[in-house]
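Here is the structure we will look at.
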Amino acid sequence: MANISSVFLCFSLAVVLASLVNAARTIKPNIENDSPFATRNYTKVCDPARFSDLGLDMNDFLYCDSSIEVDMRIKDLIDRMTLQEKALQLGDDAKGVIRIGLPEYKWWSEALHGVSDVGGGSSFDETIPGATSFPTPILSAATFNETLWKVIGQAVSTEARAMHNLEHAGMTFWSPNINVVRDPRWGRALETPGEDPFVVGKYASSYVRGLQDIEGQETSEDPKHRPLKVAACCKHYAAYDVDNWVGVIRETYNAKVEERDMIETFQKPFEMCVLEGDVASVMCSYNQVNGLPTCADPQLLKETVRGKWDLNGYIVSDCDSVEVMVDRQKFLGYTPEDAVAQVLRAGLDLDCGKFSPDHVANSVLQGKIRVSDVDVALKNLYRVLMRLGFFDGRPEFDNLGKDDVCTEENINLAIQAAREGMVLLKNEDQTLPLNLDEIKSLAVVGPHANATTVMIGNYAGVPCRYTSPLDAFKEATEVIYEVGCDTVSCRNESLIFPAMQAAQNTDATVLVVGIDLSIEAESLDRRDLLLPGYQRQLIEQVAMSAKGPVILVVMSAGGVDIEFAKNNPNIKAIIWAGYAGEEGGHGIADVVFGKYNPSGRLPLTWHENDYVNMLPMISMPLRPIDSLGYPGRTYKFYNGSVVYPFGYGLSYTTFNYKVEASKNILDVNLDKFIKCRDVNYTQGVAKPPCPAVLIDDLSECQIKINDLEFSVEVENTGDRDGSEAILVYWVAPNGILDAPIKQLVAFQKVFVEAGKSTKVDFKLCPTKDLGLIDFQAYNLLAAGTHTIILGDNVASFPFSINIHYSDY
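In terms of UniProt numbering, the sequence shown has 384 at position 384, counting the first letter as 1, and numbering is strictly consecutive.
As structure tokens, then:
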């Protein structure tokens, strides 16, 4: 038997070698093999002249016949490949098959907040020296503006297509990062939209729509073939939020997750990204979930992403995740051939790395996986490339070029996004905005006062330009600049005194402090929530010495314990500036001087530093663990004191809300085929006769439940125009055990002129928006008196859900 296998293996290798030799003979010597299409001046694969350059006749290849149904074209392409050639297409650096006209393709490009050069699929040089770098997602999320998120995505994808035309970018971008910030120590908070799964999901679907949608083709009767502008990717799936904490690293971490938390927190943004955003790709993560590597788990991938959510696209691994299963996790003692077989069976299509390309052919020859499984993965990949116009072109974007990158419009959008994300945390005595007629000189001090690269965070390319805070303030008034700390770590206190002198001799002082990628980053989780080194000393001594008002500006992604500054009467105002992109300086200055009325709200809770001493970062449950003394996580389950809560943010004006609900009672009439479900209540609280009903039962039986509709009249009672983010929370009936303290279910951003009002309508679907995940991971609609709260309890109203059986 061994001899037969050896002969078969040798025969297969001989066939592959012969194919490669024949392929080499067909390539003309003048071909430039370093070009994305292995030739020059072609923006699509199926160009007759390109095939001619390769010594081929395009008419011989049915996959280039656009009159044929797409899936048949894809089958023709795949059927022309040998097993080894198929394997070589399963990595991010797909090698192509020149003998059949298929070029190489680099799948890995990034566009987290602008086109990046991370991954190798995109690049910058004298032809394209830079691309617009928007605020990192954590600050964009603070705008609570879905329209802005989509517009940023549209700008980024336009620049991406322009760069693609100039052979400086691919068309598949592994962005955005939509993991929930479960713990304030997580180093990758800057890449994400924050701690609330609903906000994260809305950001994901909006940004993805901006990246992918082509105007007029946002929907299709055949969504699997809907044309794409670029292909986005929602990552890292799932329960990924530990990078490197006290020796626990992401590659070998086993996240022990309750199904309840999986449904309502860790999977929710990905579900929204696929179902609402129609994203073209999902990336599985390094970590294990309950002992299974995510990229090898068919329940997570094939059954959920591909099956339940019906992904129209491909599933890709985080880079080298498949190799990590074997070499670092030692999962089940797998050989490389075992691992690549398992991930393909689980639903993985593409390996970011070389592991699958190197071992898939042998895995087939050893009988561990079928060639048909490889073909399924290739079909998913080429279907996306077909939708992008990789083979046939996309004429609506052919005219895009260098002039469409770093446009004035995009730079202005970066400014708008930066200033709209700024969160005003403190404004004693209405110190801000500063009056330029009264401020003839300004001290700008601190380690981030002249920040540039800090503002663009990670997964960034080369920006069009930088406008630091110092640059922006110099445009407005006379400035004295002192660094205060030579680095963010601020180990040298000798520079504090010159900063104090600057504050003594100017009309006002802006202190720009915070952290950076040396403190919070990929592969680097935080140990505490404090400002590093002597930064607190710098702030307090400058505030004590200053002649005029002191404004503190904090650059960070995660929260910082600045309780000392919040309570310091010498610090009149505090602004959180996140990492605000290439135009972050303009964003800060525009808010300080009142050119823009701040409207940002915190997308995550700012905890006191003691929080990190209450529980280990690797404790995954969101709800409190009373037996261990662990507090809850995120605003939904943590009820202790904080520095600033989720959703907090001030304005230079004031707003009043008036709420008008269409009804206060919702009746759910059940038939005899639906059973009441029990809900755990605290002792002494009376249960309704029918405590709850399974939402899936209602959907399957198509029992109609009316939407909850209400309107909010927002009145600007101040003397400045301004925007207001209306945050709508749901509170479950009193007494239900383990229910969230409150849960965001809707939000809208509105602009209201001073002295005017505007009406905003909301519609909540009870079976979609008010589901309660119980300890058995059932999604229930609970009976009883529910409450809708607006903002920080600015207004609220109760409504009752009565569940009972119809007469029959």
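Note that beta-carbon positions come from the ideal geometry of N, C-alpha and C, so glycine has one too.
Item                                                                                                                                                                                              : Value
Can you tell me which of the three DSSP states S518 falls into?                                                                                                                                   : coil
Is N244 close to chain D? Criterion is C-beta to C-beta, closer than 8 Å.                                                                                                                         : Reference to chain D is not applicable here, since this structure consists of a single protein chain.
Please look up how many angstroms separate the CB atoms of H113 and T136, rounded, as I've assumed it's under 8 Å.                                                                                : 5 Å
Short check: CB of V45 to CB of F331, under 8 Å?                                                                                                                                                  : no
Quick one: residues in its chain with C-beta nearer than 6 Å to the C-beta of P549, no 5 flanking neighbours on either side, listed in chain order?                                               : T431, A508, K572
Distance, Cα to Cα, D504 vs E540?                                                                                                                                                                 : Note that residue 504 is Gln in the sequence shown, not Asp. Between Q504 and E540, the C-alpha separation is close to 13 Å.
What distance in whole Å lies between the Cβ atoms of I705 and P766, which are believed to be in contact at a cut-off of 8 Å?                                                                     : 5 Å
If we count the other Cβ atoms within 10 Å of its Cβ and call it buried at 16 or more, is R209 buried or exposed?                                                                                 : buried
If you draw a straight line from the alpha carbon of V591 to that of D93, how long is it in whole angstroms?                                                                                      : 45 Å
What is the residue span of the beta strand (DSSP E) that Q748 lies within?                                                                                                                       : 743-752
Tell me the DSSP bridge mates of M555?                                                                                                                                                            : G514
Mapping DSSP to helix, strand and coil, what is Q288?                                                                                                                                             : strand
Considering only the beta carbon of each residue, do D774 and L780 sit closer than 8 Å?                                                                                                           : yes
Alpha carbons only, please: which of D241, P463, S206 is nearest the one belonging to W186?                                                                                                       : D241
Rounded to the nearest angstrom, how far is the Cβ of S140 from that of I152, given a contact under 8 Å?                                                                                          : 7 Å
In terms of DSSP beta bridges, what is Y729 paired with?                                                                                                                                          : L744, I789
Less than 8 Å between the beta carbons of S281 and A231, yes or no?                                                                                                                               : yes
Below 8 Å between beta carbons: does that hold for E259 and A732?                                                                                                                                 : no
Could you give the distance in angstroms between the alpha-carbon of S699 and the alpha-carbon of R73?                                                                                            : 38 Å
What does a CB cutoff of less than 6 Å around N410 pick up in its chain, not counting 5 residues either side in sequence?                                                                         : T132, A155
Return the chain-ordered list of same chain residues with a C-beta closer than 8 Å to the C-beta of I695, the five sequence neighbours on each side being excluded.                               : T767, G771, N779, L780, L781
Within 10 angstroms of the Cβ of N639, are there 16 or more other Cβ atoms? Answer buried if so, exposed if not.                                                                                  : exposed
Can you check which of these residues, R491, R387, R720, is closest to G594 by C-alpha distance?                                                                                                  : R720
Just verifying my parser: in three-state terms, what is the DSSP assignment at S175?                                                                                                              : coil
Given a cut-off of 8 Å, decide if L727 and L708 are closer than it, judged by their beta-carbon atoms.                                                                                            : no
Apart from the five residues just before and just after E583, which ones in its own chain have a Cβ nearer than 6 Å to its Cβ?                                                                    : A414, I415, A418, T467
Who are the Cβ neighbours of L88 in its own chain at under 6 Å, not counting the five residues just before and after it?                                                                          : K95, P357
If residue 816 sits next to T654, beta carbons under 8 Å apart, how far is it from one beta carbon to the other, in whole angstroms?                                                              : One cannot answer for residue 816 here, as it falls past the ends of the chain, which runs 1 to 808.
Of all the options E660, I803, K759, G632, which has the alpha carbon lying nearest to the alpha carbon of D678?                                                                                  : I803
Tell me which residue opens and which closes the beta strand (DSSP E) that W576 is part of.                                                                                                       : 571-576
Relative to the C-alpha of V712, which candidate in I674, Q267, G791, L385 has its C-alpha closest?                                                                                               : G791
Whether or not the region 679-687 and the region 742-756 are in contact is what I'm after, with contact meaning three or more pairs of Cβ atoms, one per stretch, closer than 8 Å; do they touch? : no
What is the DSSP secondary structure of E724, counted as helix, strand or coil?                                                                                                                   : strand
If you drop the 5 nearest sequence neighbours on each side, which residues of the same chain put their C-beta closer than 6 Å to that of R182?                                                    : D241, R633
Nearest to E159 by CA position, among V405, N427, G629, A577, is which residue?                                                                                                                   : V405
Name the residue from G201, R99, R383, D79 whose alpha carbon lies nearest to the alpha carbon of L56.                                                                                            : R99
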